[in-house]
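Please read the structure below before turning to the comments.
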Amino acid sequence: MGVITDEARRWAEREYPSFDYRVTASDIAKFAQATGETNPIHFVRDAAVAAGYPDVVAPSLYPYVVRTHASALDPFDQLEPDGSPTADVPPLPTRRAMAGETRVVVGERVVAGDTITVTKRLAQMYEKEGRSGPLVFVEMEFTFTNQRGELVARENFTRIYR
């Protein structure tokens, strides 16, 4: 096979900066509305407090918004045609990419006023032989923690190159 080059191995060894995002009640309301949520705990502080939260609470997959904001730090000319940050695409002699598996573990709920820190790392990169030739699997892991260091979510996203 040999699709993973020395250059791609060096690319895999780099470190990524973390990204902090301050969550607002407005951010939560926009995401809740966009995803069809109707529970008042996502929109009305008093309803959230009555349910035991300190402020409005985000739907459980809200951390994806934080990851999107972290990716948006790259100028648009550094995005791939599918919108992926160019920095997340390994230097491989491949022509096509497709989404693979996504796994999400949800932890503590996000509430307005939280500061969410997202860290990113390359979890693994490996080759397999497919029916149409070699495939390279690149799994990125995103870890989201709140200002108390509690896990909010962990996402493992695999992209497949051929």
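Numbered per our numbering, the sequence shown spans residues 1 to 162.
Ideal placement from N, C-alpha and C gives every residue a C-beta, glycine not left out.
For residue i, three-class secondary structure by DSSP
{"i": "Leu122", "result": "strand"}
{"i": "Val110", "result": "coil"}
{"i": "Phe76", "result": "With a pLDDT of only 48 at Phe76, under 50, the local geometry of the prediction cannot be trusted, and no value is derived from it."}
{"i": "Thr86", "result": "helix"}
{"i": "Tyr21", "result": "strand"}
{"i": "Phe43", "result": "coil"}
{"i": "Ala58", "result": "coil"}
{"i": "Arg159", "result": "strand"}
{"i": "Arg96", "result": "coil"}
{"i": "Ala48", "result": "helix"}
{"i": "Val3", "result": "coil"}
{"i": "Arg67", "result": "helix"}
Residue burial classification, residue i (beta-carbon count within 10 angstroms, cutoff 16)
{"i": "Leu61", "result": "exposed"}
{"i": "Lys120", "result": "buried"}
{"i": "Asn39", "result": "exposed"}
{"i": "Tyr126", "result": "exposed"}
{"i": "Ala70", "result": "buried"}
{"i": "Pro59", "result": "buried"}
{"i": "Pro75", "result": "In this prediction, Pro75 scores a pLDDT of 49, lower than 50, which makes its location untrustworthy; no coordinate-derived value is stated."}
{"i": "Arg10", "result": "exposed"}
N-terminal and C-terminal residue of the beta strand (DSSP E) that residue i is part of
{"i": "Phe144", "result": "Gly133 to Thr145"}
{"i": "Glu7", "result": "Taken as a continuous stretch (DSSP letters only), Glu7 belongs to no beta strand (DSSP E), being part of the alpha helix (DSSP H) at Asp6 to Ala12."}
{"i": "Thr35", "result": "Per DSSP, Thr35 belongs to no beta strand (DSSP E) and is neither H nor E."}
Short Cβ contact (8 Å threshold) for residue i with residue j
{"i": "Leu79", "j": "Val3", "result": "no"}
{"i": "Phe137", "j": "Ile160", "result": "yes"}
{"i": "Arg162", "j": "Gly133", "result": "yes"}
{"i": "Pro63", "j": "Ala123", "result": "no"}
{"i": "Val111", "j": "Asp55", "result": "yes"}
{"i": "Val23", "j": "Asp114", "result": "yes"}
Nearest-angstrom beta carbon gap, residue j and residue i [assumed within contact, 8 Å]
{"i": "Asp27", "j": "Val57", "result": "Not confirmed; about 12 Å, so no contact."}
{"i": "Ser18", "j": "Thr117", "result": "5 Å"}
{"i": "Ile41", "j": "Ala48", "result": "4 Å"}
{"i": "Leu151", "j": "Thr145", "result": "6 Å"}
Closer than 8 Å to chain C by CB, residue i
{"i": "Gly107", "result": "The chain labelled as chain C is not found in the depicted structure, where only one protein chain is given."}
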